[in-house]
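Below is one structure; the comments refer to it alone.
There are 2 protein chains.
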Amino acid sequence: MRYAFHDQLDSIFSDLADICRQVETAVRLATEALLTGRADVAEQVISGDVQIDRARERVEDTALALLSLQAPVAGDLRTVVAALRMVSELERMGDLAVHVAKIARLRTPNLAVPEQARETMARMAAVAEDMVSRVADIIDERNVEQAEAVRKDDEEMDTLRRSTFTQLLGKEWTGGIEAAVDVALLGRYYERIADHAVAVAGRVIFVVTGAAPASS
Amino acid sequence: MRYAFHDQLDSIFSDLADICRQVETAVRLATEALLTGRADVAEQVISGDVQIDRARERVEDTALALLSLQAPVAGDLRTVVAALRMVSELERMGDLAVHVAKIARLRTPNLAVPEQARETMARMAAVAEDMVSRVADIIDERNVEQAEAVRKDDEEMDTLRRSTFTQLLGKEWTGGIEAAVDVALLGRYYERIADHAVAVAGRVIFVVTGAAPASS
Numbered sequence: 087m088r089y090a091f092h093d094q095l096d097s098i099f100s101d102l103a104d105i106c107r108q109v110e111t112a113v114r115l116a117t118e119a120l121l122t123g124r125a126d127v128a129e130q131v132i133s134g135d136v137q138i139d140r141a142r143e144r145v146e147d148t149a150l151a152l153l154s155l156q157a158p159v160a161g162d163l164r165t166v167v168a169a170l171r172m173v174s175e176l177e178r179m180g181d182l183a184v185h186v187a188k189i190a191r192l193r194t195p196n197l198a199v200p201e202q203a204r205e206t207m208a209r210m211a212a213v214a215e216d217m218v219s220r221v222a223d224i225i226d227e228r229n230v231e232q233a234e235a236v237r238k239d240d241e242e243m244d245t246l247r248r249s250t251f252t253q254l255l256g257k258e259w260t261g262g263i264e265a266a267v268d269v270a271l272l273g274r275y276y277e278r279i280a281d282h283a284v285a286v287a288g289r290v291i292f293v294v295t296g297a298a299p300a301s302s
Numbered sequence: 087m088r089y090a091f092h093d094q095l096d097s098i099f100s101d102l103a104d105i106c107r108q109v110e111t112a113v114r115l116a117t118e119a120l121l122t123g124r125a126d127v128a129e130q131v132i133s134g135d136v137q138i139d140r141a142r143e144r145v146e147d148t149a150l151a152l153l154s155l156q157a158p159v160a161g162d163l164r165t166v167v168a169a170l171r172m173v174s175e176l177e178r179m180g181d182l183a184v185h186v187a188k189i190a191r192l193r194t195p196n197l198a199v200p201e202q203a204r205e206t207m208a209r210m211a212a213v214a215e216d217m218v219s220r221v222a223d224i225i226d227e228r229n230v231e232q233a234e235a236v237r238k239d240d241e242e243m244d245t246l247r248r249s250t251f252t253q254l255l256g257k258e259w260t261g262g263i264e265a266a267v268d269v270a271l272l273g274r275y276y277e278r279i280a281d282h283a284v285a286v287a288g289r290v291i292f293v294v295t296g297a298a299p300a301s302s
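Protein chains in written order, with our numbering: chain A, 87 to 302; chain B, 87 to 302.
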């Protein structure tokens, strides 16, 4: 019975890592759409999100079946509940990639992000994508050390977010109001993706060590 | 045993309704800070958020204890899991009220929202606060009919959000870039509060009828 339980739990974590990789792809493609203005790539992210939603439903069903059939207690129970939270967070990260793709689609074939903000925005996107990529490995390997390291990256994200504000409120900003609003919202979406990545990593720490995760 | 279970479940839902009322207060005060520029009111929201976080922890502990000790199955299990999700969403709504309060504090004693956007923003805030208030009653009374009605309000929120964009991108906008960015982000925060309110209401529908809630 307990053997079957841990087998099924492993399978849930493997599914979570898969979903995280799907989110990574969504973030990468959304950024590509944003920086190239390609509508087809934006569409791919928007229409592909249903796959992530379905994968989330499957994990939820498996986790609920596990709770129902095995009635885990203590650490095992907390692990299953943590998995349920992780899958919600991963799905939300996918939604945020869709928000990025929708801004790209709204401005296509033009670029939403004007030249002067492009480097900072590309860096935010790269940091977010890298965090998501590493979180997939962290879930797979239950790597506490790497999970702690993800929080450090989040500090760079905060710094980058402040940089975008400095740019768009500065005297040199020639992008106008529309681009400023796009950049502010895009910054918010990437920041939220990073926040969720940190939260998911925190839940891996919790699952492995039993220590409370950082509040999401 | 089952009697004790449903007693405890009722107590969890009563706690959820209480947290929802705390969120309602946070949204109301954050809006007051925003529309009056009062820093002390903004501070009250920001420092008060820890109460909501603590209340969330208590509900989580109770729900986990219930899962652990009573090992509910089927509908009961899904109800406890729904409660865990609801409390996460309520906490997040509190965080979003803090985001509104922080923008208010950043601009104090000035007002973040310029005259021309104030009416729309005040309306968004009123719709959000009203939705949160009704969701508290919906949780208390497990009122499916009212839960369905909350979704309708969300349509008004979407319309209002589009209005703010029309205003700040229109020729008449004299608020400049900083105010446009503030208004865009504030619109996003109120919209997300409304989204979460709809999601929580959807979970009440699920708990009562067993029908899948709207995706959050």
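Each residue gets a CB set at the ideal place from its N, CA and C atoms; glycine is no exception. Owing to the predicted nature of the structure, the values given are computational and were not obtained by experimental measurement.
Nearest candidate by alpha-carbon position, reference Phe251/B, set Ala203/B, Val131/B, Ile224/B
Ala203/B
#### Entry: Sequence-distant residues of its chain with Cβ nearer than 8 Å to Val166/A (five each side left out)
Leu95, Ile98, Ala149, Leu152, Leu153, Pro158
### Query
Under 8 Å, do Val269/B and Met243/B count as touching if we go by C-beta distance?
no
- Looking only at C-alpha atoms, which of Ser133/A, Ala125/A, Val286/A, Asn196/A sits nearest to Val236/A? Val286/A
**Asked** Any chance the region 101 to 116 of chain A sits against the region 165 to 184 of chain A, with 3 or more Cβ pairs inside 8 Å?
**Response** yes
### Message
So, at 7 Å on beta carbons, what are the nonlocal neighbours of Glu277/B in its own chain, with the 5 sequence-adjacent residues on each side left out?
### Response
Met243, Arg247
- Query: Quick one: complete alpha helix (DSSP H) runs, 4+ long, within the region 109 to 182 of chain A?
  - Reply: 125 to 156
CA nearest to the CA of Asn196/B, picked from Asn229/B, Gly256/B, Gly261/B, Asp93/B = Gly261/B
Counting only beta-carbon atoms, is Ala160/A nearer than 8 Å to chain B?
-> yes
Check your understanding: Around the Cβ of Gly273/B, are there at least 16 other Cβ atoms within 10 angstroms (buried) or fewer (exposed)?
Key -> buried
- Message: Alpha carbons only, please: which of Val109/B, Glu258/B, Ile225/B is nearest the one belonging to Ala168/B?
- Response: Ile225/B
* Could you check if Thr111/A is buried or exposed, using at least 16 other CB atoms within 10 Å of its CB as the buried criterion? => buried
* Asked: Does the beta carbon of Gly288/B come closer than 8 Å to any beta carbon on chain A?
  -> no
- Message: Within 10 Å of its beta-carbon, does Gly161/B have 16 or more other beta-carbons around it, so buried, or fewer, so exposed?
- Response: exposed
Could you give the distance in angstroms between the alpha-carbon of Ile291/A and the alpha-carbon of Val284/A?
-> 11 Å
* Return the chain-ordered list of same chain residues with a C-beta closer than 7 Å to the C-beta of Val131/A, the five sequence neighbours on each side being excluded. => Ala112, Leu115, Ala116, Ala119, Ala183, Val184, Ala187
**Prompt:** From this set, Asp239/B, Ala233/B, Thr194/B, which residue's C-alpha is nearest Arg209/B's C-alpha?
**Reply:** Asp239/B
Original post:
Does the beta-carbon of Val136/A have 16 or more other beta-carbons within 10 angstroms, so that it is buried, or is it exposed?
Top reply: exposed
- prompt: Does any CB atom of chain B fall closer than 8 Å to the CB of Ile263/A?
  reply: yes
- Beta-carbon of Leu271/B versus every beta-carbon of chain A: anything under 8 Å? yes
Local conformation of Leu271/A per DSSP, three classes: helix
Report the option in Val294/A, Val109/A, Ala211/A, Arg228/A whose CA atom is closest to the CA atom of Arg142/A.
Val109/A
**Prompt:** Where does Arg228/B sit, in a helix, a strand or coil, going by DSSP?
**Reply:** coil
Verify whether the separation of the beta carbon atoms of Glu146/B and Leu170/B is less than 8 Å. yes
field: Supposed close pair Val293/B, Arg220/B - CB separation, criterion 8 Å
entry: 17 Å between Cβ atoms; not a contact.
For Asp101/A, which residues from the same chain have a beta carbon less than 6 Å from its beta carbon, with the 5 sequence-adjacent residues on both sides left out?
-> Val145
**OP:** May I ask you to report which of helix, strand or coil DSSP gives Leu197/A?
**Re:** coil
Integer-rounded CB distance, given that Ala265/A should sit under 8 Å from Pro200/A | 5 Å
Task: Glu258/B versus Ala297/B: straight-line alpha-carbon distance, rounded - done: 47 Å
For Gly123/A versus Ala190/A, is the C-beta spacing smaller than 8 Å? yes
Q.
At a CB distance below 7 Å, what residues from the region 273 to 287 of chain A approach chain B? Give them in sequence order.
A. Arg274
key: Close beta carbons around Val218/A, own chain, < 8 Å, minus the five adjacent residues each side   = Cys106, Val109, Glu110, Val113, Met179, Ile279, Ala283
_With a threshold of 8 Å between beta-carbons, can Ala51/A be considered close to chain B, or not?_
There is simply no residue 51/A to check, as chain A begins at 87 and stops at 302 in what is shown.
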